[in-house]
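Asker: Sharing a structure below in structure tokens format, with a few things to ask.
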Amino acid sequence: MDNLSELLHGFTIAVTVPHLALMVVGVLLGILVGVLPGLGAPNGVSLLLPLTFGMQPVSAIILLSSMYWGALFGGSVTSILFNIPGEPSSVATTFDGYPMARDGRPTTALATAFGSAAFGALVGVILITFLASWVAQVALAFGPAEYFAVYFLAFASFVGMGGAAPIKTVVALAIGFAIAAIGIDTVSGSVRLTMGIDELVKGVNFVVAVMGLFGIGELLVAVEEEFHARAVSSKIDWLEVFRAVGRLPRHSVALLRSAAIGCWMGITPGGPTAASFMSYGIGRRFSRRGRYFGTGEVEGIISPETADHAAGTSALLPMLSLGIPGSATAAVMMGGLMIWGLNPGPMLFVDQKDFVWGLIASMYVGNIVAVALVLLTVPVFAALMRIPFVVIAPLIVIICVVGAYSVSSSYLDVVMMLGFGVVGYLFKKLFYPLAPLVLAIVIGDKAEDAFRQSMLMSKGSLGIFFANKLVTCLVVAGIALLLLPLALQLFARIFRKPASIETTTQEKVII
Amino acid sequence: MISRRALEVATAILTGSFGVAVAVQSLDNGIGWSTEGVESGTFPFLTGIIIVAGSLYNLTRGVMPAASLASVPVAITSIELRRLAGLFVPAAIFVAAIPLLGMYVASAAYVLAVLAIPRHRSVLLSAVTAAATALALYVVFERMFQVSLPHGALAAALGF
Numbered sequence: 001m002d003n004l005s006e007l008l009h010g011f012t013i014a015v016t017v018p019h020l021a022l023m024v025v026g027v028l029l030g031i032l033v034g035v036l037p038g039l040g041a042p043n044g045v046s047l048l049l050p051l052t053f054g055m056q057p058v059s060a061i062i063l064l065s066s067m068y069w070g071a072l073f074g075g076s077v078t079s080i081l082f083n084i085p086g087e088p089s090s091v092a093t094t095f096d097g098y099p100m101a102r103d104g105r106p107t108t109a110l111a112t113a114f115g116s117a118a119f120g121a122l123v124g125v126i127l128i129t130f131l132a133s134w135v136a137q138v139a140l141a142f143g144p145a146e147y148f149a150v151y152f153l154a155f156a157s158f159v160g161m162g163g164a165a166p167i168k169t170v171v172a173l174a175i176g177f178a179i180a181a182i183g184i185d186t187v188s189g190s191v192r193l194t195m196g197i198d199e200l201v202k203g204v205n206f207v208v209a210v211m212g213l214f215g216i217g218e219l220l221v222a223v224e225e226e227f228h229a230r231a232v233s234s235k236i237d238w239l240e241v242f243r244a245v246g247r248l249p250r251h252s253v254a255l256l257r258s259a260a261i262g263c264w265m266g267i268t269p270g271g272p273t274a275a276s277f278m279s280y281g282i283g284r285r286f287s288r289r290g291r292y293f294g295t296g297e298v299e300g301i302i303s304p305e306t307a308d309h310a311a312g313t314s315a316l317l318p319m320l321s322l323g324i325p326g327s328a329t330a331a332v333m334m335g336g337l338m339i340w341g342l343n344p345g346p347m348l349f350v351d352q353k354d355f356v357w358g359l360i361a362s363m364y365v366g367n368i369v370a371v372a373l374v375l376l377t378v379p380v381f382a383a384l385m386r387i388p389f390v391v392i393a394p395l396i397v398i399i400c401v402v403g404a405y406s407v408s409s410s411y412l413d414v415v416m417m418l419g420f421g422v423v424g425y426l427f428k429k430l431f432y433p434l435a436p437l438v439l440a441i442v443i444g445d446k447a448e449d450a451f452r453q454s455m456l457m458s459k460g461s462l463g464i465f466f467a468n469k470l471v472t473c474l475v476v477a478g479i480a481l482l483l484l485p486l487a488l489q490l491f492a493r494i495f496r497k498p499a500s501i502e503t504t505t506q507e508k509v510i511i
Numbered sequence: 001m002i003s004r005r006a007l008e009v010a011t012a013i014l015t016g017s018f019g020v021a022v023a024v025q026s027l028d029n030g031i032g033w034s035t036e037g038v039e040s041g042t043f044p045f046l047t048g049i050i051i052v053a054g055s056l057y058n059l060t061r062g063v064m065p066a067a068s069l070a071s072v073p074v075a076i077t078s079i080e081l082r083r084l085a086g087l088f089v090p091a092a093i094f095v096a097a098i099p100l101l102g103m104y105v106a107s108a109a110y111v112l113a114v115l116a117i118p119r120h121r122s123v124l125l126s127a128v129t130a131a132a133t134a135l136a137l138y139v140v141f142e143r144m145f146q147v148s149l150p151h152g153a154l155a156a157a158l159g160f
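Residue numbers (UniProt numbering), protein chains in the order written: chain A, 1 to 511; chain B, 1 to 160.
This is the structure:
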């Protein structure tokens, strides 16, 4: 019951006029970046980051997390009304959302999506409320070896469950680690990997990478196909909103199943995108009306939306209690935490109670604010989509350029951002996952430090990673996840199942 | 027209050469075990090796006509390539012009150029959009958030 009293205290922090105003601003900005193709939650949050440096950490995190909720909702709006996913994680929503809207039921599709999304988010927040402080308590006893094992497990789960080609995930992760190592080494103080460029001594900021990879990269992918924003009617029929939400409990099995998938994928970093696809696939297999999926089926909207938001929300659990973000956006927020002078990880729950519980309470309120605002503003943002892409694209380029520059007032950052844009385009085009790359840039240093500290403790023996039950379990689980794709392939070969066909269908949908 | 195979190979070579650069550079920092613990080059060296190994695997997968690649023979068509260049080339010129023109002039010129030259919008409307962009940047960054954007060598020479 300690958690509940802490949560009530959190509400007294979150529910104040300035913080509610920040939520509204954050959610609206979030919907905006969610709706615009080329701008998503990760670079929306990193754009806002430099502007939060003067704020109280709790206000800053409320603003940024509200933006995240807004972006998650905004992505679904364009998926349903325009068949254009505004966010990678809402691609699966287009499969049934757009057909339903096209058949003259846009309000039903939107209300179903928002209702199930809110349910998913609620499950995620409840999980955080009851589990986060417990996980943090366990993690307080962690030494460097345990930490490294947890990092290892997180990276391994990307390889094993991320859904992309495993070796491409490994390459993306390793590149992220190498980028994280650029600059001054925190342990020895020596300068590493500057490639002869003196300015790189300060390292490569993750915001620069995010702006390029997600901003310019996504824009380049988007410009290839000319958008035909043939919107279905964006008028909201309020009576139908309540009717559609009222019908949701009939699909409680799908809701609970998708929420569970989402939470699992959010905590073990698989991310919202993988979660929504997995949930859609499982829903199609197990739903009674599974064979009608793709034609505007209610459960075809519920499955990806619930999982998407459950994963997006619960991705903050490992970020808060372990210092390991569960999604790219959570990684950016964690970078913010470090800039504000907070140390993400279990000590937050001891030293920064106001911050942690203020954030958790704000997640309850923020999601309600987000549902209300997104319903109210659907017509406004739908009108925005009618502005031609040729006008929006240069503005997004400018936003990314200014965003990269404002991190540390460096022109080199802008040039690097453009370079990251090309890499992001190539990676997206060839299905290299971007989230692990960003994650490795943000926490690569910490993982390396943990490894080197444990090596110091054990005087160079790898035996420290098998020294006690906990660390052994974590390491073994990590290795198992790393080998999972290999095992699946072997399994498929033995039983003569055409595994390659399955990967191609998955490749087609994971954009 | 660029085939999926060519794109896979080019990307694998790109990541692979980055890996080689990382591994070679890390040797300067020393790899292995010293009295102060793991030397600072070790971890990057290992990641460099992993990148190289993974890139080699992706390279061979890209060259081989595997089932997953055969379904997408063309990755970028020539029309798509033209659209890509249409977005990227002006953006690159814009970035290159920032040190000289400064952020405000460069972004206004950029917006004006990409809207007016391909005749997406009339010259007047493009000019208004361009001016509004520069003004919005100035108000938001220089005034509201006190972040100074580069004014450029030209402005400095003119005494701004």
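Cβ atoms here follow ideal geometry from the backbone N, Cα and C, with glycine treated the same way. Please read these numbers as outputs of a predicted model, since none were measured by experiment.
Taking the beta strand (DSSP E) that Ile80 (chain A) belongs to, which residues open and close that run?
Answerer: Position 80 of the first sequence, counted from the first residue, corresponds to residue 80 (chain A). Element bounds for Ile80 (chain A): not the beta strand (DSSP E) but the alpha helix (DSSP H), 57-82.
Asker: My output table needs one value for Ala70 (chain B): the three-state DSSP class, helix, strand or coil.
Answerer: Working through the second sequence from its first residue, we reach residue 70 (chain B) at position 70. Interpretation of Ala70 (chain B) is limited by its pLDDT of 48, a score under 50 that renders its predicted location unreliable; the figure taken from the coordinates is listed afterwards. DSSP places Ala70 (chain B) in helix when its eight states are reduced to three.
Asker: With 7 Å as the limit, tell me which residues of the stretch 174-199 of chain A have their beta carbon closer than that to any beta carbon of chain B; keep them in chain order.
Answerer: Going along the stretch 174-199 of chain A in chain order, one finds Ala174, Ile175, Phe177, Ala178, Ala181, Asp185, Val187, Ser188, Ser190, Arg192, Leu193, Met195 with a Cβ nearer than 7 Å to chain B.
Asker: In the DSSP assignment, what are the bridge partners of Val38 (chain B)?
Answerer: As a first step, residue 38 (chain B) is located in the second sequence; it is residue number 38 there, counting from the start. Answer by DSSP bridge pairing, in chain order: B:Trp33.
Asker: Cα separation between Glu240 (chain A) and Ala172 (chain A)?
Answerer: The residue given as residue 240 (chain A) occupies position 240 in the first sequence. The residue given as residue 172 (chain A) occupies position 172 in the first sequence. The straight-line gap from Cα to Cα measures roughly 45 Å.
Asker: Do Ala60 (chain A) and Leu320 (chain A) come within 8 Å of each other at the CB atom, strictly closer than that value?
Answerer: Position 320 of the first sequence, counted from the start, is the residue given in the question as residue 320 (chain A). Position 60 of the first sequence, counted from the start, is the residue given in the question as residue 60 (chain A). Their beta carbons are not under 8 Å apart, which means Leu320 (chain A) does not touch Ala60 (chain A) by this criterion.
Asker: Looking only at its own chain, which residues have a Cβ that is under 6 Å from the Cβ of Ala467 (chain A), when we skip the five neighbours before and after it?
Answerer: The sequence position of residue 467 (chain A) within the first sequence is 467, counting from 1. Once the five neighbours on either side are set aside, Ala467 (chain A) has no close Cβ partner at all.
Asker: Could you name the residues of the same chain whose beta carbon sits closer than 6 Å to that of Ser406 (chain A), not counting the 5 residues immediately before and after it, in chain order?
Answerer: In the first sequence, residue 406 (chain A) corresponds to position 406, counting from 1. Closer than 6 Å at the Cβ level, and outside the excluded window around Ser406 (chain A), lie Pro50.
Asker: Since Val402 (chain A) sits in a beta bridge, which residues does DSSP pair it with?
Answerer: The count along the first sequence starts at 1 and reaches residue 402 (chain A) at position 402. In the DSSP output, where bridge partners are listed per residue, Val402 (chain A) has none listed.
Asker: Give me the Cα-Cα distance between Ser279 (chain A) and Ala259 (chain A), rounded to the nearest whole angstrom.
Answerer: Sequence index remark: in the first sequence, residue 279 (chain A) carries index 279 (1-based). Sequence index remark: in the first sequence, residue 259 (chain A) carries index 259 (1-based). The alpha-carbon atoms of Ser279 (chain A) and Ala259 (chain A) are separated by roughly 9 Å.
Asker: Against chain B, with Cβ distances strictly below 8 Å, would Ile494 (chain A) count as a contact?
Answerer: The sequence position of residue 494 (chain A) within the first sequence is 494, counting from 1. So no, Ile494 (chain A) is outside the interface.
Asker: With DSSP collapsed to three states, give me the class of Ser461 (chain A).
Answerer: For the purposes of this step, residue 461 (chain A) is taken as residue 461 along the first sequence, with counting starting at 1. In the structure shown, Ser461 (chain A) sits in coil (DSSP, three-state: anything other than H, G, I, E or B).
Asker: Which residue wins for smallest C-alpha separation from Ile80 (chain A), given the options A:Pro99, A:Ser65, A:Ser89, A:Thr377?
Answerer: Along the first sequence, read from residue 1 onward, the residue named residue 80 (chain A) stands at position 80. Checking every option, the nearest Cα to that of Ile80 (chain A) belongs to A:Pro99.
Asker: Please list the partners that Thr15 (chain B) has in chain A, where partner means a Cβ-to-Cβ separation under 8 Å.
Answerer: If you number the second sequence from 1, residue 15 (chain B) lands on position 15. What Thr15 (chain B) touches in chain A: Val171, Ile175.
Asker: Is the beta carbon of Leu484 (chain A) closer than 8 Å to that of Gly160 (chain A)?
Answerer: Here residue 160 (chain A) refers to the residue found at position 160 when the first sequence is read from its first residue. Here residue 484 (chain A) refers to the residue found at position 484 when the first sequence is read from its first residue. Yes; because the gap between Cβ atoms is below 8 Å, this pair is in contact.
Asker: Name the chain A residues that come within less than 7 Å of Arg83 (chain B), Cβ to Cβ?
Answerer: Walking along the second sequence from the start, residue 83 (chain B) turns up at place 83. Neighbours of Arg83 (chain B) on chain A, chain order: Val223, Glu224.
Asker: With a threshold of 7 Å, establish whether the CB of Arg105 (chain A) neighbours any heavy atom of the ligand FMN.
Answerer: Although the ligand FMN was asked about, the structure shown includes no ligands whatsoever.
Asker: On a Cα-Cα basis, can you pick out the residue from A:Met333, A:Ala393, A:Leu439 that is closest to Leu39 (chain A)?
Answerer: Translated into positions along the first sequence, residue 39 (chain A) becomes position 39. For the residues A:Met333, A:Ala393, A:Leu439, the minimum Cα distance to Leu39 (chain A) belongs to A:Ala393.
Asker: Applying a beta-carbon distance threshold of less than 9 Å, which residues of chain A neighbour His120 (chain B)?
Answerer: Numbered from its first residue, the second sequence carries residue 120 (chain B) at position 120. The answer, in chain order, is Pro388, Val390, Val391.
Asker: Where His151 (chain B) and Ala157 (chain B) are concerned, what is the direct C-alpha to C-alpha distance, given to the nearest angstrom?
Answerer: In the second sequence, the residue the question calls residue 151 (chain B) occupies position 151. In the second sequence, the residue the question calls residue 157 (chain B) occupies position 157. Those two C-alpha atoms are separated by around 11 Å.
Asker: I'd like the list of long-range same chain contacts for Val298 (chain A), defined as Cβ closer than 7 Å, with 5 residues on each side in sequence excluded.
Answerer: Sequence index remark: in the first sequence, residue 298 (chain A) carries index 298 (1-based). Closer than 7 Å at the Cβ level, and outside the excluded window around Val298 (chain A), lie Thr112, His251.
Asker: Just how far apart, CA to CA, sit Lys168 (chain A) and Arg247 (chain A)?
Answerer: For the purposes of this step, residue 168 (chain A) is taken as residue 168 along the first sequence, with counting starting at 1. For the purposes of this step, residue 247 (chain A) is taken as residue 247 along the first sequence, with counting starting at 1. Spanning the two alpha carbons is a distance of roughly 42 Å.
Asker: Can you name, in chain order, every residue of its own chain whose Cβ lies under 6 Å from the Cβ of Pro88 (chain A), other than the five neighbours on each side?
Answerer: As a working mapping, residue 88 (chain A) is identified with position 88 in the first sequence. Here the set comprises Thr273.
Asker: What are the complete beta strand (DSSP E) segments, minimum 3 residues, inside the UniProt domain "DUF1468" (12-150) of chain B?
Answerer: For the UniProt domain "DUF1468" (12-150) of chain B, whole beta strand (DSSP E) runs of length 3 or above, ordered along the chain, are 74-76.
Asker: Determine, using beta carbons only, whether Ser46 (chain A) and Val401 (chain A) come nearer to each other than 8 Å.
Answerer: Mapped onto the first sequence, residue 46 (chain A) falls at position 46. Mapped onto the first sequence, residue 401 (chain A) falls at position 401. No, Cβ-Cβ distance for Ser46 (chain A) and Val401 (chain A) is not below 8 Å.
Asker: Can you look up Val191 (chain A) in the DSSP assignment and give me helix, strand or coil?
Answerer: Position 191 of the first sequence, counted from the start, is the residue given in the question as residue 191 (chain A). Three-state result, Val191 (chain A): strand.
Asker: Excluding the 5 residues preceding and the 5 following Leu337 (chain A) in the sequence, name in chain order all residues of the same chain whose CB lies nearer than 7 Å to its CB.
Answerer: Against the first sequence, residue 337 (chain A) aligns to sequence position 337. Answer for Leu337 (chain A): Pro344, listed in chain order.
Asker: Taking only beta-carbon positions, decide if Ile464 (chain A) is within less than 8 Å of chain B.
Answerer: To locate residue 464 (chain A), count along the first sequence from 1; it is residue 464. Closer than 8 Å: no.
Asker: Quick one: what's got a C-beta closer than 7 Å to Thr11 (chain B)'s C-beta in the same chain, skipping five residues either side?
Answerer: Against the second sequence, residue 11 (chain B) aligns to sequence position 11. No residues qualify anywhere along the chain.
Asker: Can you tell me whether Ala21 (chain A) is buried or exposed, with buried defined as 16 or more other CB within 10 angstroms of its CB?
Answerer: Here the question's residue 21 (chain A) lines up with position 21 in the first sequence. Answer is exposed; the Cβ neighbour count stays below 16.
Asker: May I have the straight-line CA-CA distance separating His309 (chain A) from Leu72 (chain A), to the nearest angstrom?
Answerer: As a first step, residue 309 (chain A) is located in the first sequence; it is residue number 309 there, counting from the start. As a first step, residue 72 (chain A) is located in the first sequence; it is residue number 72 there, counting from the start. The straight-line gap from Cα to Cα measures roughly 7 Å.
Asker: Which residue's Cα is closest to the Cα of Val391 (chain A): B:Ile13, B:Gly54, B:Ala132?
Answerer: Looking up residue 391 (chain A) in the first sequence gives position 391. Closest by alpha carbon: B:Ala132.
Asker: Quick check on DSSP: helix, strand or coil for Gly10 (chain A)?
Answerer: Here residue 10 (chain A) refers to the residue found at position 10 when the first sequence is read from its first residue. Helix at Gly10 (chain A).
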